[in-house]
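Residue numbers (my numbering): 17 to 244.
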């Protein structure tokens with residue numbers, strides 16, 4: 017896992033999980049067996065640097081198995097494909113699990129739909145507080161896309177950041193979407209033949225798409241899978 021280097025972005029992701037009553041999975045690997053406990057993220061207390069999770073009814077036994085003899089607890093939030101690892105503080109009087117704020121995390125990009133590498137340019141325009149980025153997609157799917165960026169542009173993006181009003185131009189269709197940065201991968205010089213001078217690959221997932229927008233993506237991707 018990576019060390020958290022953007023506490024604001026991480027806190028924002030967790031706060032949204034609280035508001036949306038996100039169900040999280042606390043888990044522990046015991047040999048070949050993985051013990052899981054379904055929990056609900058109840059609160060984030062940034063000043064006290066702790067978070068509280070309550071086990072779903074009937075899951076208390078598994079929670080006790082997970083925390084017995086442990087100093088750390090792993091948690092997975094499926095809505096944003098986020099793994100976190102936190103120091104175990106204990107159980108409070110309400111039976112809630114109290115953890116430190118995560119000091120390790122990993123966003124996993126979910127590949128539930130085909131990805132294509134477009135031959136035709138698919139332009140992406142992203143406005144951030146630090147810069148304006150306009151480039152073409154490296155790859156594209158109905159669940160997200162990735163960009164290859166220069167060293168100058170890579171500092172504009174941190175894993176866990178939410179970006180609004182991202183413009184994606186596919187032919188004559190313009191898709192405006194909110195996205196989540198799920199991964200920022202440092203590249204070695206000349207690692208990619210298609211972009212030998214790219215410094216990073218930044219991967220994004222769509223937070224929500226309208227039916228019309230999904231239709232545009234599906235049609236464009238299908239044309240590559242079926243014809244090319």
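We put the beta carbon where it would ideally sit given N, CA and C, even for glycine.
Which term fits residue i, buried or exposed, when burial requires 16 or more other beta carbons within 10 angstroms of its beta carbon?
{"i": "residue 53", "result": "buried"}
{"i": "residue 158", "result": "buried"}
{"i": "residue 80", "result": "exposed"}
{"i": "residue 110", "result": "exposed"}
{"i": "residue 74", "result": "exposed"}
{"i": "residue 188", "result": "exposed"}
{"i": "residue 165", "result": "buried"}
{"i": "residue 121", "result": "buried"}
{"i": "residue 37", "result": "exposed"}
{"i": "residue 46", "result": "exposed"}
{"i": "residue 229", "result": "buried"}
{"i": "residue 137", "result": "exposed"}
{"i": "residue 226", "result": "exposed"}
{"i": "residue 33", "result": "buried"}
Helix, strand or coil for residue i, going by three-state DSSP, please let me know.
{"i": "residue 173", "result": "coil"}
{"i": "residue 72", "result": "coil"}
{"i": "residue 253", "result": "The chain is shown from 17 up to 244; residue 253 falls before or after that span and cannot be answered."}
{"i": "residue 122", "result": "strand"}
{"i": "residue 66", "result": "strand"}
{"i": "residue 28", "result": "helix"}
{"i": "residue 234", "result": "helix"}
{"i": "residue 34", "result": "helix"}
{"i": "residue 103", "result": "strand"}
{"i": "residue 224", "result": "strand"}
{"i": "residue 86", "result": "coil"}
{"i": "residue 181", "result": "strand"}
{"i": "residue 239", "result": "helix"}
Would you kindly work out how many angstroms separate the C-alpha atoms of residue i and residue j, rounded to a whole number?
{"i": "residue 140", "j": "residue 152", "result": "6 angstroms"}
{"i": "residue 180", "j": "residue 84", "result": "42 angstroms"}
{"i": "residue 223", "j": "residue 102", "result": "26 angstroms"}
{"i": "residue 190", "j": "residue 64", "result": "44 angstroms"}
{"i": "residue 193", "j": "residue 231", "result": "14 angstroms"}
{"i": "residue 89", "j": "residue 132", "result": "37 angstroms"}
{"i": "residue 183", "j": "residue 195", "result": "10 angstroms"}
{"i": "residue 204", "j": "residue 221", "result": "24 angstroms"}
{"i": "residue 245", "j": "residue 68", "result": "Because the chain in this structure spans residues 17 to 244, residue 245 falls outside the shown range and cannot be described."}
{"i": "residue 216", "j": "residue 202", "result": "5 angstroms"}
{"i": "residue 94", "j": "residue 40", "result": "7 angstroms"}
Report all residues from its chain with a CB closer than 6 angstroms to the CB of residue i; omit the five preceding and five following residues, and keep chain order.
{"i": "residue 219", "result": "125, 162, 198 and 199"}
{"i": "residue 169", "result": "149"}
{"i": "residue 30", "result": "60"}
{"i": "residue 72", "result": "54"}
{"i": "residue 146", "result": "172"}
{"i": "residue 155", "result": "131, 133 and 162"}
In chain order, what residues of the same chain have a beta carbon less than 7 angstroms from the beta carbon of residue i, not counting five sequence neighbours either side?
{"i": "residue 105", "result": "66, 114, 115 and 116"}
{"i": "residue 51", "result": "43, 44, 78, 81 and 82"}
{"i": "residue 27", "result": "60 and 62"}
{"i": "residue 35", "result": "none"}
Apart from the five residues just before and just after residue i, which ones in its own chain have a Cβ nearer than 8 angstroms to its Cβ?
{"i": "residue 70", "result": "55, 56, 58, 110, 111, 112 and 113"}
{"i": "residue 49", "result": "none"}
| said: Does the stretch 233-241 come into contact with the stretch 196-212, if we say contact requires no fewer than three beta-carbon pairs (one atom in each stretch) closer than 8 angstroms? | reply: With the cut-off at 8 angstroms, the stretch 233-241 and the stretch 196-212 do not touch.
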